[in-house]
Amino acid sequence: MSRMRALLIGAGGFGSAWVNTFLPALNDRIVVTGLVDINPETLKRAGDALGLPDDQRFVDMANGFARAEADFCIVVVQPFLRLEAVRLAIAHGLPVLAEKPLAESWDTGLEILRLTRKADLKMAVVQNYRYTRRVRTLKRVLDDATLGRVNFITARFAADYTIENAGGAFRHQIPYAMAYEGAVHHLDQLRNLSGAEAATVSGYQWNPAWTTFSNDTTLMLLIRMANGVVCQYENNHLARGTQNGWHEEAYRVECEHGSVTLDGDHVVRLHEHLGKGRMRTTDVEPVPTEYDGHLGVIVDFLGWLEGGPTPPTAIEDNIWTMGLTFAAIDAVQTSMTVDVAAKTTTGLDSIALPD
Ligand SMILES: NC(=O)c1ccc[n+]([C@@H]2O[C@H](COP(=O)([O-])OP(=O)(O)OC[C@H]3O[C@@H](n4cnc5c(N)ncnc54)[C@H](O)[C@@H]3O)[C@@H](O)[C@H]2O)c1
1 MSRMRALLIG
11 AGGFGSAWVN
21 TFLPALNDRI
31 VVTGLVDINP
41 ETLKRAGDAL
51 GLPDDQRFVD
61 MANGFARAEA
71 DFCIVVVQPF
81 LRLEAVRLAI
91 AHGLPVLAEK
101 PLAESWDTGL
111 EILRLTRKAD
121 LKMAVVQNYR
131 YTRRVRTLKR
141 VLDDATLGRV
151 NFITARFAAD
161 YTIENAGGAF
171 RHQIPYAMAY
181 EGAVHHLDQL
191 RNLSGAEAAT
201 VSGYQWNPAW
211 TTFSNDTTLM
221 LLIRMANGVV
231 CQYENNHLAR
241 GTQNGWHEEA
251 YRVECEHGSV
261 TLDGDHVVRL
271 HEHLGKGRMR
281 TTDVEPVPTE
291 YDGHLGVIVD
301 FLGWLEGGPT
311 PPTAIEDNIW
321 TMGLTFAAID
331 AVQTSMTVDV
341 AAKTTTGLDS
351 IALPD
């Protein structure tokens, strides 16, 4: 199998995980033929790690797209740069694998979808949390209806952050970045686990008096899915007690015949109702996975480019995660229940291409 040539945009922050972990793990499938970062020091560090010659390193995105010989691009810059990157990718006919979120606003997300549809360009968004072994194991229990039908789902992200240790400075200066930068992972997950689109969302976002952040740090949402499953979501950047940080999120799914839990220890547990107040708890054998998290997203994306099935994180699906995310922001801004389905379909109607 010949290797796909990739242009990587953004090599600092999380880009370094691409440079040092994800891409080396798939070097039988991908060869980086171009690297862009506006920061010369970051560019040098990442370029050296990848062993790239100088003529494949660029500080300017437009120059990188113009000069690199690539089959697709990987976009790991901040969300507000996504539209610029996608416009360039379209101009050069390069399919896009972009880090989440699709965009920093609902309107920009729709514009990116409109442009990629018009150009008939493949684009997917990295929603790696769907692809982790722990979540795939939980999802299989739900898909198999091991404990019958689902009633409701609780989801918890809770991290002991201060402004000094939280990382990703840009996220803590922008209103609602906690929702579209962080919660977007979990909102996508709730679509995945419930197997349905969101119908309505309501909630609150606030910043307690003892915070060290200037933007809000705590978010609570109630989401009703189109299939009747209700989701309760907690996102707390000031968790001074029990922790459920990144990749250690807790989920509890209340079902007809018991509940299924997943906590920071990564074990999916069945709590089966046996009648007369008795319950049996069993650990679920993790599902076998060849490619976990990011690697799974990347391999599915490459398969799509090679003519395989559309991955679950393709932009046409991901726009529904965006619809939910920005409806949640509307909800916390207005303290009203927001009709997610109406927001999303109205947005999609507004960008429908003429027949
Ligand atoms: N999927 C995940 O688990 C996960 C985890 C962390 C971050 N992310 C996502 O990755 C993206 C990047 O986040 P980050 O934390 O790495 O941000 P960051 O600010 O740390 O890094 C962004 C990089 O882009 C470079 N850059 C800025 N402007 C540029 C431009 N015009 N042209 C080229 N390069 C430019 C910067 O120099 C920097 O190296 C975000 O969308 C974030 O949500 C995803």
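Taking the working numbering, the leading residue of the sequence shown gets 1, the next gets one more, and so forth. Ideal Cβ positions, reconstructed from N, Cα and C, are used throughout, including at glycine. What you are looking at is a predicted structure, and each value in this text was computed from that prediction instead of being measured.
Residues near residue i by beta carbon distance below 6 Å, same chain, minus five either side
| i | result |
| --- | --- |
| residue 188 | 127, 321 |
| residue 230 | 152, 224 |
| residue 113 | 315, 319 |
| residue 106 | 326 |
Any non-hydrogen atom of ligand 1 within 7 Å of residue i CB
| i | result |
| --- | --- |
| residue 11 | yes |
| residue 15 | yes |
| residue 42 | yes |
| residue 28 | no |
| residue 76 | yes |
| residue 322 | no |
| residue 181 | yes |
| residue 38 | yes |
| residue 340 | no |
| residue 165 | no |
| residue 118 | no |
| residue 99 | yes |
| residue 126 | yes |
| residue 81 | yes |
| residue 336 | no |
| residue 61 | yes |
Status (buried if at least 16 other CB within 10 Å, exposed otherwise) for residue i
| i | result |
| --- | --- |
| residue 24 | exposed |
| residue 301 | buried |
| residue 344 | buried |
| residue 258 | buried |
| residue 116 | buried |
| residue 104 | buried |
| residue 58 | buried |
| residue 204 | exposed |
| residue 227 | exposed |
| residue 156 | buried |
| residue 246 | exposed |
| residue 18 | buried |
| residue 53 | exposed |
| residue 15 | buried |
| residue 240 | exposed |
Residues near residue i in its chain [Cβ-Cβ closer than 8 Å; skip 5 each side]
| i | result |
| --- | --- |
| residue 208 | 217, 218, 238 |
Proximity of residue i and residue j at Cβ, strictly below 8 Å
| i | j | result |
| --- | --- | --- |
| residue 220 | residue 234 | yes |
| residue 268 | residue 137 | yes |
| residue 180 | residue 101 | yes |
| residue 70 | residue 42 | no |
| residue 150 | residue 328 | no |
| residue 158 | residue 232 | no |
| residue 62 | residue 82 | no |
| residue 46 | residue 37 | yes |
| residue 94 | residue 73 | yes |
| residue 281 | residue 271 | yes |
| residue 140 | residue 297 | no |
| residue 324 | residue 340 | yes |
| residue 142 | residue 193 | yes |
| residue 3 | residue 29 | yes |
Residue range of the unbroken alpha helix (DSSP H) whose run includes residue i
| i | result |
| --- | --- |
| residue 304 | 293 to 305 |
| residue 111 | 106 to 119 |
Closer than 7 Å: residue i CB and nearest ligand 3 heavy atom
| i | result |
| --- | --- |
| residue 170 | Here the bound small molecules are ligand 1; ligand 3 is not part of this structure. |
Residue interval of the beta strand (DSSP E) (run including residue i)
| i | result |
| --- | --- |
| residue 5 | 4 to 9 |
| residue 188 | Per DSSP, residue 188 belongs to no beta strand (DSSP E); it is in the alpha helix (DSSP H), 184 to 194. |
| residue 269 | 268 to 275 |
| residue 336 | Taken as a continuous stretch (DSSP letters only), residue 336 belongs to no beta strand (DSSP E), as it is neither H nor E. |
| residue 220 | 218 to 225 |
| residue 32 | 30 to 36 |
| residue 123 | 123 to 126 |
| residue 72 | 72 to 75 |
| residue 350 | Note, residue 350: premise wrong, no beta strand (DSSP E); alpha helix (DSSP H) at 340 to 350. |
| residue 157 | 150 to 158 |
| residue 278 | 278 to 283 |
| residue 356 | What the structure shows of the chain is the stretch from 1 to 355, and residue 356 is not part of that stretch, so it cannot be assessed. |
Proximal residues to residue i (C-beta, below 7 Å), its chain only, five neighbours per side dropped
| i | result |
| --- | --- |
| residue 68 | 7, 33, 34, 56 |
| residue 119 | 90 |
| residue 293 | 128, 131, 132 |
| residue 77 | 9, 10, 85 |
| residue 109 | 102, 103, 319, 322 |
| residue 295 | 22, 25, 26 |
| residue 122 | 95, 304, 305 |
| residue 283 | 267, 269 |
Within-8 Å CB hit, residue i to chain D
| i | result |
| --- | --- |
| residue 203 | Note that chain D does not occur in the displayed structure, where there is just one protein chain. |
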